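Chains as they are written, first to last, in our numbering: chain W, 63 to 554; chain C, 5 to 326. Cβ atoms here follow ideal geometry from the backbone N, Cα and C, with glycine treated the same way. Here the structure is a predicted model, which is why all the values come from computation and not from measurement. Single-structure report; data block below.
Following this line, the structure appears as structure tokens:
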């Protein structure tokens, strides 16, 4: 069979952190190749390399038998590789046909766009793909998410794509819509188009896929063909790590205080979460991206809107209305989006540490502020030239320590860590773990969201598994394993 | 740690206010060599006198620009406040009361700008583009389009000298800047200005009441614009609806020349002060060197471009260092 794409020994690292190592895979015409792995296994990085978005550090990617020295996204699209990301990449206020032909419009003799021809051709393509209910002259804004996904595929085919990359196309679709899309994918593969498919849903992968590339921590674990494998085997491939990946934390008895999360709901992607957490405990939330973990803690922090939900500390209601209110009640949150929501990148380390504390009074004692900032920098071992250095010059780990320092100047009760070690090197990771445990040890409540399985297992006392916005189960981390957790995440 | 003292001196020398100060000295020395009357008390008086109104408006604009906002209605606000005050004075009202009311008018107008910006989550540029027209109309309506002359009343702010030496006008100007400096550097409000100008989301999550704070920044600017109106009315001793128009862009220009980032989050009021002095000195110099006055705006434009270039070069070298 003709090889559309060959990936040879591809590796990639970001500032010393290896995210992909020696990946070898090929894609034939009519094949549906699935990338399988946990969050952060390297699937997205691999896609970005194929799409020409980023360059590999070593190894080569051969498209249609030809090697390219350097690639840009546009060049890759032009040679026939279309990437469809989860976010819809279309223009809402144009018709379907205008979107399909955007940038490659059919021009008539008068120099104007030949709308009729565009609509006709779009309709013919839509018919060929058996996509009912979509017409070339529909406004895109009137279509459902699934239909928009289909339009993206139509657009790719109009551009004569021979390789189609689908990154979690079904993540935001309902069951019926999902089925339509999967049928479309199967139809495309029979038309000799090579498809790379990414999804968290194992059943879906076994429905459409022929070949599975399993990635773990950026390393290629195995390549299996559908005939010779089972979902169980694939899940086993995804997990299982050396003991060295697990942090050995200190255990201490939990306290007497109780934090009660009562009926949190936003009628959207978080459904009626009830939970009790004990002081001195590290409570972990596990689940796939989109399971609703982040949405839940943001509601608890008073940041996102909720339709229902109350927070009680020892039967006393402390539900925050805004982040400011949360902070006044001793609830802190370290956002997963460090740069977008955590830091004032253009400002100094000092200002970043002191921002919350400075809210307490109008007049700031500069000398005292400087002392406090220096104490925090020393206590959290933030590596910086001095406290006036811009926080944007710090490494990811030191930026994270800066935010933790900010949250611990004043005494609080509840500390929410959302993906605290994302993009942090190993040394700083362990320091962050120590800080978290130190907080818990002082009879506080620590809530941890982590997509890093070893981290979640080794840091948490208990783990609440979330799946599609529901709290599926709460388990003692001592009594569970990567294997069991992964099955719960997948609802398998 | 060894590095810090050395880089501290370097930091001052390469800072925008310092570079502008050097520029001011150069302009002063060159102009003085061509016209010996330049560096005299009379000229300096005229420069600072001219700078007073613009300076106070610019100080307020600095706070807004650093917090990521613009108020392009300040010029019309000055016109409205001055006309209202002139009418009240001519009606025989107490000057002190009139001054307070003048400031209150500007605070009310600014708060209105802030409330619209927050309530509609709209760019303040567009909001103030709209409100400036309203302020202008009101000023035209209340004056019927006629100039209001004070016949020499209400002169004391501009002519009073403390101990017979220090002009009261300068004290107001310096106090305006000193208070703004203090707010930005030593108070929670100042930190909120920088935090909101840098990253609103992070500021909100860190516990700031972003909406209320934005209205507060507009209010502070309003106070300064009010004082500027008071000072200008006393100096000019007359007002019409068009008075003050153009100050808003000049003020934002002074802020940019002073090195504050138009994208918010960076800058300070010292630079703005030096920028204001530079602008009003250049217009005096053009006058005294008998250069065609039509060049004034060209030079003003070139200085803003130069300021941008200095900032760009500094950012470039800093990026290369890291």
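In this structure, residue 551/W lies near residue 350/W, with their beta-carbon atoms less than 8 angstroms apart. Annotation: residue 232/C to residue 28/C spans about 24 angstroms, alpha carbon to alpha carbon.
Non-local C-beta neighbours of residue 179/W in its own chain, meaning closer than 6 angstroms and more than five positions away in sequence, comprise 168, ordered along the chain. For the 8 angstroms CB-CB criterion, residue 345/W and residue 474/W do not form a contact.
Of the candidates 63/C, 78/C, 32/C, 15/C, 78/C places its Cα closest to the Cα of residue 249/C.
Per DSSP, reduced to three states, the secondary structure at residue 100/W is coil, with no helix or strand assignment. Using beta-carbon distances, residue 205/C counts as an interface residue toward chain W, with a partner under 8 angstroms. At least one CB of chain W lies nearer than 8 angstroms to the CB of residue 190/C. In the DSSP assignment, residue 80/W forms a beta bridge with 75/W.
About 7 angstroms separates the Cβ atoms of residue 97/W and residue 258/W, confirming a contact at the 8 angstroms cut-off.
In the displayed model, residue 411/W falls within a helix according to three-state DSSP. Contact annotation for residue 418/W against chain C: 210, 211 [CB-CB distance below 7 angstroms, chain order]. Distance from the CA of residue 320/C to the CA of residue 522/W, rounded to the nearest whole angstrom, comes to 45 angstroms. The C-beta of residue 69/W comes no closer than 8 angstroms to any C-beta of chain C. Within chain C, no residue has its CB atom less than 9 angstroms from the CB of residue 398/W, the nearest being about 11 angstroms off. Listed by position along chain W, the residues whose Cβ is nearer than 8 angstroms to that of residue 198/C are 406, 409, 413. Rounded to whole angstroms, the gap between the alpha carbons of residue 262/W and residue 481/W is 19 angstroms. When DSSP states are grouped into helix, strand and coil, residue 171/W belongs to the coil group.
In the three-state DSSP reduction, residue 535/W falls in the strand class (E or B). Identification of chain W residues near residue 269/C by a Cβ-Cβ cut-off of 8 angstroms yields 406, 408, 409, ordered along the chain.
Against chain W, a Cβ distance below 7 angstroms from residue 315/C picks out nothing, because the smallest value is about 13 angstroms. Against chain W, a Cβ distance below 8 angstroms from residue 202/C picks out 406, 407, 408, 409. Judged by DSSP in its simplified three-state form, residue 186/W adopts helix.
When Cβ-Cβ separations below 8 angstroms define contact, residue 254/W makes no contact with chain C. Using beta-carbon distances, residue 361/W does not count as an interface residue toward chain C, since no partner is under 8 angstroms. Residue 378/W is bridged by DSSP to 375/W. Cα atoms of residue 300/C and residue 404/W: separation of roughly 45 angstroms, rounded to the nearest angstrom.
Using a Cβ-Cβ cut-off of 8 angstroms, residue 195/C counts as an interface residue toward chain W, since at least one Cβ of chain W sits closer than that to its own. Excluding the 5 residues flanking it on each side, residue 539/W has same chain C-beta neighbours closer than 6 angstroms at 519, 522, 525, in chain order. With contacts defined by Cβ atoms closer than 8 angstroms, residue 409/W and residue 452/W form a contacting pair. Its chain contains 286, 290 as the residues whose beta carbon lies nearer than 8 angstroms to that of residue 303/C, once the 5 sequence neighbours on both sides are disregarded; these appear in chain order.
Taking the C-beta atoms as reference points, residue 44/C is found no nearer than 8 angstroms to residue 292/C. Not one beta carbon of chain C lies nearer than 8 angstroms to the beta carbon of residue 510/W.
For residue 386/W, the closest Cβ of chain C is nearer than 8 angstroms. Residues 110 of the same chain have their beta carbon placed closer than 6 angstroms to that of residue 116/W, with the five preceding and five following residues left out of the count.
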